[in-house]
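**Q** Quick one: the structure is below, questions incoming.
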Amino acid sequence: SHTATAWPAPPSAADGLAEGKHPQRPSGDAAAALGPGAQDMVAVHMFRLYEKYSQRGARPGGGNTVRSFRARLEVVDQKASYFFNLTSMQDSEVILSATFHFYSEPWWPWAREALCKLSKNASCRLLPPGPLARHHLLFHSLSQNTASQGLLRGAITLAPPPRGLWQANDISPIVKAARRDGELLLSAQLTAGEKEPGVPRPSPHAPYILIYANDLAISEPNSVAVTLQRYDPFPAGDPEPLTAPNNSADPRVRRAAQASGPLQDNELPGLDEWPAPSHRPQHYHKHELWPSPFRALKPRPGRKDRRRKGQDLFMASSQVLNFDEKTMQKARRK
Amino acid sequence: QWNEPRVCSRRYLKVDFADIGWNEWIISPKSFDAYYCAGACEFPMPKIVRPSNHATIQSIVRAVGIVPGIPEPCCVPDKMNSLGVLFLDENQNVVLKVYPNMSVETCACQ
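As you go down the protein sequences, you meet chains A and B in turn. In this text, residue positions in the first sequence follow the working numbering: the first is 1, and each later residue adds one. In this text, residue positions in the second sequence follow the working numbering: the first is 1, and each later residue adds one.
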């Protein structure tokens, strides 16, 4: 069995009480960054670890990864069991340590007084102080979708905390053994000695597990995308992006020159006007055929030339886009 | 941007995770100063661009021109910093990872 050991637990809510701070209200901009989830302790704890690293460079647990796991409360044979799904751990993450964080009622009268003050209901004071509950937690591990209760991995005795409300307990051997056997579903069953504690209501004080690990793959190239990219930037079924260097990604429909008369050869009409570059063999590069989206600056012709050129230009352009007879007749009629 | 030095040096770049669509699951930071390297590594290279010995010789070979087609060395990140990222995994659990080489501290011609 494992006894609860003093572990660098997050500042306990009681401390918060002593300092007049609301035990559950995170300090700084944690609440803002965490959003609505700020009320549950695991999010606040993780954000504190993140702030500690960002501001002081303190690596959490000496590694490069901390994973948190929330409990899912289930009642099995009238006993409360907390289930933790550890399957999101990666194979490359070597477990350094694991802690189990559990919230238990304070049994010091003054702490209870402070709680009653916080909960602002007068009847709280009338309630007899809670029993001096000594909790036992039994850890079982099972693999996914097994119906059995799983293999007993260890037990923890939780002495009611004199002051603090949260306790942190070392469960590294339990988690390492369960993972070694591939049983990544962990359950913690709550028993309390002679008197059953009854079924706790779901609350923001639900227990949680933190696993400190060293991810060996984090120094691999592109490791950030492996864990943080969720959707394929090019979802399946999308056409490949056009890779030609100067193709615009513009989805506009390309218009093509209509061949006038029967095709004599496979030359594009009007192309023979392009002087073939003398030093290059007579074949066409794709990007030479498509006008580059960037217009090259041309010297400005004189006023007279511009007028004459305008007509030529019109002729040349009309050569490229000519319409069929019916459209021409309709245009003429109009 | 217009008065940045021609020579290889570090340039400012702020990456906002919303720009690359990762903001849904990244809790913090929302953005960070990543920087990037750009600029010329032409012969002769000043000491400030911290050229490796190989880069120094490559730029001399290119300057001499006897061997055609040798490009100038590249301006790339030299020293880089890690970044802690707090995000939600597929099961909506909060994860903290410290990623190495996420932001540029110095650039060099390599």
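Ideal Cβ placement from N, Cα and C applies to all residues, glycine included.
Check whether the Cβ of residue 24 of chain B lies closer than 8 Å to any heavy atom of the ligand SAM, and answer yes or no.
**A** Among the components of this structure there are no ligands whatsoever, and the ligand SAM is therefore not found.
**Q** Closest to residue 90 of chain A by CA distance: which of A:324, A:334 and A:216 is it?
**A** Ranking A:324, A:334 and A:216 by Cα distance to residue 90 of chain A puts A:216 first.
**Q** Tell me whether residue 288 of chain A is buried or exposed, calling it buried when 16 or more other Cβ atoms sit within 10 Å of its Cβ.
**A** Caution is warranted here: a pLDDT of 44 is assigned to residue 288 of chain A, below 50, making its placement in the model unreliable, and no coordinate value can be reported.
**Q** How should residue 31 of chain B be labelled, buried or exposed, when 16 other C-beta atoms within 10 angstroms of its C-beta is the threshold for buried?
**A** Under this definition residue 31 of chain B is an exposed residue.
**Q** So, does the CB of residue 69 of chain B fall closer than 9 Å to a CB anywhere in chain A?
**A** No, no contact with chain A.
**Q** Give me whichever residues DSSP pairs with residue 152 of chain A in a beta bridge.
**A** Note: residue 152 of chain A sits in a beta bridge opposite A:140.
**Q** If contact means a Cβ-Cβ distance below 9 Å, which residues of the segment 56-68 of chain A contact chain B?
**A** Listed in sequence order: 57, 59, 60, 63, 64, 65, 66, 67 and 68.
**Q** Is residue 56 of chain B helix, strand or coil when you go by DSSP?
**A** DSSP places residue 56 of chain B in helix when its eight states are reduced to three.
**Q** Taking only the alpha-carbon atoms, compute the straight-line gap between residue 85 of chain A and residue 185 of chain A and give it to the nearest angstrom.
**A** When rounded, the distance between both Cα atoms is 5 Å.
**Q** Spatial neighbours of residue 103 of chain B within its chain, please: C-beta separation below 7 Å, excluding the five flanking residues on both sides.
**A** The answer, listed in chain order, is 32, 33, 34, 35, 80, 81 and 83.
**Q** If you run the structure through DSSP and keep just helix, strand and coil, what is residue 227 of chain A?
**A** Here residue 227 of chain A sits in helix by DSSP.
**Q** List the endpoints of the continuous alpha helix (DSSP H) containing residue 52 of chain A.
**A** Residues 41-56.
**Q** Would you say residue 24 of chain B lies against chain A (beta-carbon separation less than 9 Å)?
**A** So, interface residue.
**Q** By the 10 Å Cβ neighbour count, where 16 or more other Cβ atoms means buried, how is residue 40 of chain A classified, buried or exposed?
**A** Buried, by the Cβ-count rule.
**Q** On the three-state DSSP scale, how would you describe residue 89 of chain B?
**A** Residue 89 of chain B: coil per DSSP, three-state reduction.
**Q** Under a Cβ-count criterion, where at least 16 other Cβ atoms within 10 Å of its own Cβ denotes burial, should residue 72 of chain A be classed as buried or exposed?
**A** Its Cβ having fewer than 16 others within 10 Å, residue 72 of chain A is exposed.
**Q** Cβ of residue 215 of chain A less than 9 Å from any chain B Cβ?
**A** Closer than 9 Å to some Cβ of chain B, the Cβ of residue 215 of chain A qualifies, so yes.
**Q** Considering residue 173 of chain A, what are the terminal residues of the alpha helix (DSSP H) in which it resides?
**A** Taken as a continuous stretch (DSSP letters only), the alpha helix (DSSP H) holding residue 173 of chain A covers 172-180.
**Q** Less than 9 Å between the beta carbons of residue 187 of chain A and residue 142 of chain A, yes or no?
**A** Yes, the Cβ-Cβ distance between residue 187 of chain A and residue 142 of chain A is below 9 Å.
**Q** Within the same chain, show all residues whose beta-carbon is closer than 7 Å to that of residue 101 of chain B, passing over the 5 residues directly before and after it, in chain order.
**A** For residue 101 of chain B, where only same-chain residues beyond five positions count, the Cβ hits under 7 Å are 80.
**Q** Suppose contacts are defined by Cβ-Cβ distances below 9 Å. Is residue 65 of chain A in contact with residue 218 of chain A by that definition?
**A** Contact: yes.
**Q** Which residues share a DSSP beta bridge with residue 167 of chain A?
**A** According to DSSP, residue 167 of chain A bridges with A:102.
**Q** Taking DSSP's pairing of strands, which residues face residue 102 of chain B in a bridge?
**A** BP columns for residue 102 of chain B are empty, so no partner.
**Q** Assuming residue 41 of chain B contacts residue 72 of chain B under a Cβ cut-off of 8 Å, what Cβ separation, rounded to an integer in Å, is found between them?
**A** Contact flag correct, Cβ pair sits at about 5 Å.
**Q** Can you give the Cα-Cα distance for residue 51 of chain B and residue 29 of chain B, rounded to whole angstroms?
**A** Rounded to whole angstroms, residue 51 of chain B to residue 29 of chain B spans 33 Å at the Cα level.
**Q** Using the rule of at least 16 other Cβ atoms within 10 Å of the residue's Cβ for burial, across every protein chain shown, is residue 55 of chain A buried or exposed?
**A** It is exposed - the Cβ of residue 55 of chain A has fewer than 16 other Cβ atoms within 10 Å.
**Q** Need the endpoints of the alpha helix (DSSP H) that residue 327 of chain A sits in, please.
**A** Taken as a continuous stretch (DSSP letters only), the alpha helix (DSSP H) holding residue 327 of chain A covers 325-333.
**Q** Please confirm whether residue 53 of chain A has its beta-carbon closer than 9 Å to some beta-carbon of chain B.
**A** Cβ-Cβ to chain B under 9 Å: yes for residue 53 of chain A.
**Q** Give me the Cα-Cα distance between residue 22 of chain B and residue 106 of chain B, rounded to the nearest whole angstrom.
**A** Computed Cα separation, rounded: 26 Å.
**Q** Between residue 186 of chain A and chain B, is there a C-beta pair that is closer than 9 Å?
**A** Answer no: the Cβ-Cβ gap between residue 186 of chain A and chain B never drops below 9 Å.
**Q** Just the Cα atoms here: how many angstroms apart are residue 286 of chain A and residue 94 of chain A?
**A** In this prediction, residue 286 of chain A has a pLDDT of 45, which is less than 50 and means its spatial position is unreliable; what the coordinates show is noted afterwards. About 52 Å.
**Q** In terms of residue numbering, what span does the beta strand (DSSP E) encompassing residue 43 of chain B cover?
**A** Segment: none, residue 43 of chain B is in no beta strand (DSSP E) and carries neither H nor E.
**Q** For residue 13 of chain B, which three-state DSSP category applies?
**A** If DSSP states are grouped into helix, strand and coil, residue 13 of chain B belongs with coil.
**Q** Using the C-alpha atoms, what's the distance from residue 7 of chain B back to residue 59 of chain B?
**A** Roughly 14 Å separates the two Cα atoms.
**Q** Between residue 62 of chain A and residue 11 of chain B, what straight-line distance do the alpha-carbon atoms span, to the nearest angstrom?
**A** About 32 Å.
**Q** Exposed or buried, what is residue 60 of chain A when buried is set at 16 or more other beta-carbons lying within 10 Å of its beta-carbon?
**A** Looking at its Cβ environment, which holds 16 or more other Cβ atoms inside 10 Å, residue 60 of chain A is buried.
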